[in-house]
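K.L.:
The structure is given below, and queries will be raised subsequently.
Residue numbers (my numbering): 1 to 275.
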């Protein structure tokens, strides 16, 4: 039997500034834990006043940060924190940003760190170096997080990012086998690959966390389940069959692109609770 925890991501509020009301919305929908998407346009976690406001809101509403998504953008179009970059200055800046976020959100109670292996497009001639950089950076992140008692979860990103194919993500895990990271399976990302969701379900990778969102198979739309082309009934049947004996505990994380309203979130949480 798989033990489930159902959480929601702050990503659904990414176009706004953090407000305690966001946690109230989630609490009223039956959630008690959430993923903090480390996006400084939403919550400037380097600002002590803003962090104090978050911690106060968490205490008042009895909320926990179940996981944190590593910083991946500077909030400016086409400016990314890329831990696999061929430019060592970009890699170092990305690692510094992630280390700082981990230290801060550890104090807020985070126990899991979700990381993309890389962010930028790469040429076939530089893929090997890009892959080596990704693995090396993930080793450093894993060691740093482990010292603070935080488990690293490597997420399959959307194409064309490194790690978006089954072969690439498996190669990354092979390079990290001594570091024992977990796997975060983003279903929406898998749905827009040429291989599709089933290829990941049969890959031999067993997830600790599922990112739940829908799309139409073309781009990462972060739609509500049922608004896109993913067959959720079929997906859960396959998950039970393939993961049931190998995964004892799993986190379902609604990583939606918008807040759909409390009533809709309640229905989604109840629907996924019967898994």
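Glycine is no exception: its CB is placed at the ideal position from the N, C-alpha and C atoms. Note that the coordinates shown come from a computational prediction; the quantities given were computed from them, not determined experimentally.
What number of angstroms, rounded off, separates the C-alpha of residue 270 from the C-alpha of residue 187?
P.N.:
Each residue's alpha carbon lies about 19 Å from the other.
K.L.:
Is it buried or exposed for residue 143, if we count other Cβ within 10 angstroms and need 16 for buried?
P.N.:
Residue 143 comes out exposed.
K.L.:
Identify which residue in 149, 221, 180, 267 has its Cα closest to the Cα of residue 139.
P.N.:
Out of 149, 221, 180, 267, 180 has the C-alpha closest to the C-alpha of residue 139.
K.L.:
Residue 60: buried (16+ other C-beta within 10 angstroms of its C-beta) or exposed?
P.N.:
With fewer than 16 other Cβ atoms within 10 Å, it is exposed.
K.L.:
Specify, as a first and last residue, the run of the beta strand (DSSP E) that residue 66 falls within.
P.N.:
First-last of the beta strand (DSSP E) with residue 66: 64–69.
K.L.:
What residues in its chain sit with their C-beta under 6 Å from that of residue 232, if we drop five residues either side in the sequence?
P.N.:
Closer than 6 Å at the Cβ level, and outside the excluded window around residue 232, lie 225.
K.L.:
Is residue 259 helix, strand or coil when you go by DSSP?
P.N.:
Correct three-state label for residue 259: coil.
K.L.:
Cα separation between residue 279 and residue 242?
P.N.:
Examination of residue 279 is not possible in this model, given that the chain is present from 1 through 275 alone.
K.L.:
Which of the three DSSP states is assigned to residue 119 in this structure?
P.N.:
Here residue 119 sits in coil by DSSP.
K.L.:
Just to confirm my understanding: we take residue 108, look at its own chain, exclude 5 residues before and 5 after, and list those with CB closer than 8 Å. What are they?
P.N.:
Within the same chain, residue 108 has close Cβ partners 36, 51, 54, 55, 58, 65.
K.L.:
When every heavy atom of the ligand MN is checked, does at least one fall within less than 8 Å of the C-beta of residue 13?
P.N.:
Questions concerning the ligand MN fall outside what the structure shown contains, since it holds no ligand whatsoever.
K.L.:
Using the three-state DSSP reduction, which class does residue 19 fall into: helix, strand or coil?
P.N.:
If DSSP states are grouped into helix, strand and coil, residue 19 belongs with coil.
K.L.:
What are the boundary residues of the alpha helix (DSSP H) that includes residue 180?
P.N.:
First-last for residue 180: undefined, no H or E at that position.
K.L.:
Kindly indicate which residue of 219, 256, 213 has the alpha-carbon position closest to the one of residue 235.
P.N.:
Comparing Cα positions, the closest option is 213.
K.L.:
Restricting to Cα atoms, I'd like to know which of 220, 216, 165 is closest to residue 200.
P.N.:
Comparing Cα positions, the closest option is 165.
K.L.:
Please state the DSSP three-state secondary structure of residue 193.
P.N.:
Three-state result, residue 193: coil.
K.L.:
Who are the near neighbours of residue 14 in its chain, counting only those whose CB is closer than 7 Å to its CB and skipping five residues on each side?
P.N.:
Cβ within range, chain order: 37, 39, 42.
K.L.:
Does the Cβ of residue 209 have 16 or more other Cβ atoms within 10 Å, making it buried, or fewer, making it exposed?
P.N.:
When all chains shown are included, residue 209 counts as buried.
K.L.:
For residue 113, which residues does DSSP report across the bridge?
P.N.:
Answer by DSSP bridge pairing, in chain order: 68, 152.
K.L.:
Which two residues bound the contiguous alpha helix (DSSP H) that contains residue 172?
P.N.:
Per DSSP, residue 172 belongs to the alpha helix (DSSP H) from 166–175.
K.L.:
Tell me whether residue 44 sits in a helix, a strand or coil according to DSSP, three-state version.
P.N.:
It is coil, neither helix nor strand.
K.L.:
Quick one: Cα of residue 227 to Cα of residue 183, how far?
P.N.:
Distance between the alpha carbons of residue 227 and residue 183 is about 26 Å.
K.L.:
Is it buried or exposed for residue 85, if we count other Cβ within 10 angstroms and need 16 for buried?
P.N.:
Counting Cβ neighbours within 10 Å, residue 85 comes out buried, since at least 16 surround it.
K.L.:
So, does the region 188–197 touch the region 151–168, judging by three or more C-beta pairs under 8 Å?
P.N.:
Judged by Cβ distances under 8 Å, the region 188–197 makes contact with the region 151–168, as three or more pairs qualify.
K.L.:
Closest to residue 206 by CA distance: which of 220, 229, 154 is it?
P.N.:
Closest by alpha carbon: 154.
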